[in-house]
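Once you know that position 283 of the sequence shown is 678 in our numbering, the rest is easy, because the numbers rise by one and skip nothing.
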Amino acid sequence: MRATFNIQRLRPTSVPQCALIVFLAVLCISAGLQAQTKPVDGEGHQWWQHAVFYELYPRSFADSNNDGVGDMNGIASKLDYLKSLGVDAIWITPCFPSPQVDFGYDVSDYENIDPMYGTLADFDHLQREANKRGIHIILDFVMNHSSDQHAWFTESRSSRENPKRDWYVWRDGEGPNQPNNWVAIFGGSTWELDPKTGQYYYHMFYKQQPDLNWRNPAVEKAMFDATRWWYKRGVSGFRLDAVDTLFEDPDLRDNPVLPGQNAYGNPNEENKYNTKLPELHGVLQRLRQVADENNAVLIGETWTKDADELKAYYGSHSKELQMPMDFMFTTVNKLSPPDFRKQIAAVDSAGWPVFVLSNHDIVRSYVRYGDGVHNDAIAKVMAGMYLTLRGTPIMYYGEEVGMTNNDPTRKEDVHDPIGKLGWPKERGRDGERTPMQWNATANAGFSKVKPWLPVPESSKSHNVATELNDNESVLNFYKKVLALRHENTALLDGDYVALNESDPNVLSYLRRYKNEAVLVVLNMSGTEQKVSFDLAAQGFSAANASTLLTTLNSHPQ
Ligand code: NOJ
């Protein structure tokens, strides 16, 4: 039967100027759908494909001992909240011993917990409590570099003959100059002269983060063993930090120089000879074997320029990363259906998509997409999008309550070294790392003392306790979408089918699974929009449709 599903008019939201709408309708309903409980379903999906991941920054999540910094026991105390939100896996950014130059991304011992966060016993407690609730723990594997305070580097720099010398990348200078023109991501040269042995060591990030030499099999073994050590403690996988940068050209060819300068005053360059070298795929394949032996998942911090580059990280026959993150998605910094459509289609064809809106290095989505007036409505639209797409979403803590960036306004308040170095062009990443907003009390209920970073004024209204009591809050919208996502087969397993592809204002798509589908309609414009759908080609009839969730005040006619 030919049928047209025609929404005559989508009424404005409670925000009159801005009709931002999420409309989800089941077109053919089948009964008895259950959330996935087994690791592999009838479609061959793995547990992580049906899971919702949640990134949390341990310094900022919950402070159980009131020292101003979050900790393991703090995280454990919030597991019930995470469960009720609809989170299945938490990715904890580095919590290992570290001098904290890069807030944990400078690891001085891969097999322990930084005392600031507690003890290994606290971690084990957290793991047990997470297990009880069916929440997986993912740790951050900082594999490109260690801290310069790691015992391996202390040995390596002690003499040219030290057995660990070749665990890092040491080179002679070019006469009185550095070995080549490579510029570090965090500013300055990638080369640091070590006066004791008269050679330069290589660091893609800060000089306190010397790069490990992944051409040395002993390094690979030691690092892989570190993952095994955590798997034995019960972790379910790793997010691989800076995976693009594992290898460097052995001939150290100069990178091509591009016009302009970075925020630190260095020439821009194309990282042709020190990122995404083909050798890294061998490492990922072998690391994946270790992960497979432990039923674990590998998530990649994969900065790619297009879908082909992203595809390479899944590996041929999907033998590398199960979850390379799609950061191209985060570069669509405006509410643009055509741009999102393009990105979604590209990643959908590359493999199992992994969508993120924000993280600890990116300005929060609440600010990036918000117009300053309708930010809550816009935050709901964004949630309505990335939590209903095919793939696995990774939330960033606080996004669910509409946390804003709280950027420092004075250089002397900056903690993140790149903010100090690049001020005022680069203010650093403190703004997106502020304490989780639990309630409307002082310090947003994160700590009883002054936290390491200040909470914004908006924490008075945008916090868990306040929003739980408001049916229209961003938090309750997240909860509803996440609940749907867990119970609806089309949202779990369905294909992505783009609709109305020339509409510049409304992003619409179907998630279609066998004889059922969910229609998602997101009005990204500031005005009321009329949309209509002819779903006959998909075999669906309006007669069988019902609304699952909407930000409209009333159902469409
Ligand atoms: C990427 C991490 O996300 C970032 O926070 C860190 O500074 C760099 N890698 C270096 O580890």
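In this text, a Cβ means the ideal position worked out from N, Cα and C, and glycines have one as well.
Q: Could you say which of D567, D497, M511 lies nearest to H540 if we only look at CA atoms?
A: The shortest C-alpha to C-alpha distance from H540 to any of D567, D497, M511 is the one to D497.
To which residues of the same chain is H531 closer than 6 Å at the C-beta, ignoring the five residues directly before and after it? A484, S631
- Item | Beta-bridge pairing of M538 - partner residues as DSSP gives them | In DSSP, M538 forms no bridge with anything.
- State whether the region 698-717 contacts the region 645-662, with contact taken as three or more CB pairs (one from each stretch) at a distance under 8 Å. no
Review point. Beta-carbon separation of P605 and Y595 under 8 Å?
Key: no
- prompt: For I580, which of helix, strand or coil comes out of DSSP?
  reply: coil
(message) Buried or exposed for A932, going by 16 or more other Cβ atoms inside 10 Å?
(response) Exposed, by the Cβ-count rule.
Discussion item. Under 8 Å, with one C-beta from each stretch per pair, do the region 558-569 and the region 601-615 reach the 3-pair mark?
Written reply: yes
Point to revise | Spatial distance of K729 from Y764 (CA atoms) | key: K729 and Y764 have their C-alpha atoms some 6 Å from each other.
Query - Of the listed residues V876, N657, S868, Q832, nearest to V578 (C-alpha basis) - result: N657
Mind listing, in chain order, the residues whose beta carbon lies closer than 6 Å to a non-hydrogen atom of the ligand NOJ? What you get when you keep residues with a C-beta closer than 6 Å to any heavy atom of the ligand NOJ is D497, Y500, V537, F600, D636, A637, E696, H755, D756.
Quiz item: Do you know offhand how far I694's Cα is from E807's?
Solution: 35 Å
### Query
By Cβ distance, which residues of its chain are closer than 8 Å to E615, with the 5 residues on each side in sequence left out?
Shown here for E615: same chain residues with a beta carbon closer than 8 Å to its own, the five before and five after excluded, namely W609, V678, R681 in chain order.
At least 3 beta-carbon pairs within less than 8 Å: the region 912-919 vs the region 807-817: no
* **the region 485-504 / the region 865-875 touching (three or more Cβ pairs under 8 Å)** => no
Item to complete: Classify D808 as helix, strand or coil using the three-state DSSP reduction.
Response: helix
**OP:** Please work out which residues of its chain come closer than 8 Å, Cβ to Cβ, to N964, disregarding the five sequence neighbours upstream and downstream, and give them in chain order.
**Re:** The structure shown has nothing for residue 964, since the chain only spans 396 to 952.
Task: Candidates G465, L477, T804: closest to W847 by CA position - done: G465
request  = Identify which residue in E795, S936, Y449, V901 has its Cα closest to the Cα of V859.
outcome  = Nearest neighbour of V859 by Cα position, chosen from E795, S936, Y449, V901, turns out to be E795.
Please classify Y500: does DSSP put it in a helix, a strand, or coil? coil
Quick one: using the 10 Å Cβ neighbour count with 16 as the cut-off for buried, is P830 buried or exposed? buried
- Query: Who does Y908 pair with in a DSSP beta bridge?
  - Reply: E911
Checklist entry - Where do the ends of the alpha helix (DSSP H) carrying G779 lie? => result 770-781
Using the three-state DSSP reduction, which class does E556 fall into: helix, strand or coil?
coil
Let me know if W698 comes out buried or exposed under the rule of 16 or more other beta-carbons within 10 Å of its beta-carbon.
buried
Quiz item: The beta strand (DSSP E) spanning L930 covers which residue range?
Solution: Run containing L930: none; DSSP gives neither H nor E here.
- Query: Smallest Cα separation from A774: which of V768, G797, S753?
  - Reply: G797
Requested in this report: Hey, could you find the ends of the alpha helix (DSSP H) E664 is sitting in?
Outcome: Per DSSP, E664 lies in no alpha helix (DSSP H) segment; the continuous beta strand (DSSP E) that holds it begins and ends at 662-664.
Please determine if the region 686-693 and the region 652-672 are in contact, where contact requires at least 3 C-beta pairs separated by less than 8 Å.
-> Segments in contact, no.
Inset, instruction - Answer yes or no: do D636 and E696 have a C-beta to C-beta separation smaller than 8 Å? - result: yes
Exercise for the section: Check whether the Cβ atoms of Y976 and G583 lie closer than 8 Å to each other. Expected result: This structure gives no information on residue 976, because the portion of the chain shown stretches from 396 to 952.
**Study point:** Identified DSSP bridge partners for D701
**Key:** None, per the DSSP bridge assignment.
task: Below 7 Å CB to CB, which residues in the same chain sit around F600 once its five sequence neighbours on both sides are set aside?
output: D497, H540, A579, I580, F581
* So does the region 725-744 actually touch the region 769-789, counting three or more Cβ pairs closer than 8 Å? -> yes
| Can V901 and P732 be called in contact, C-beta distance under 8 Å? | yes
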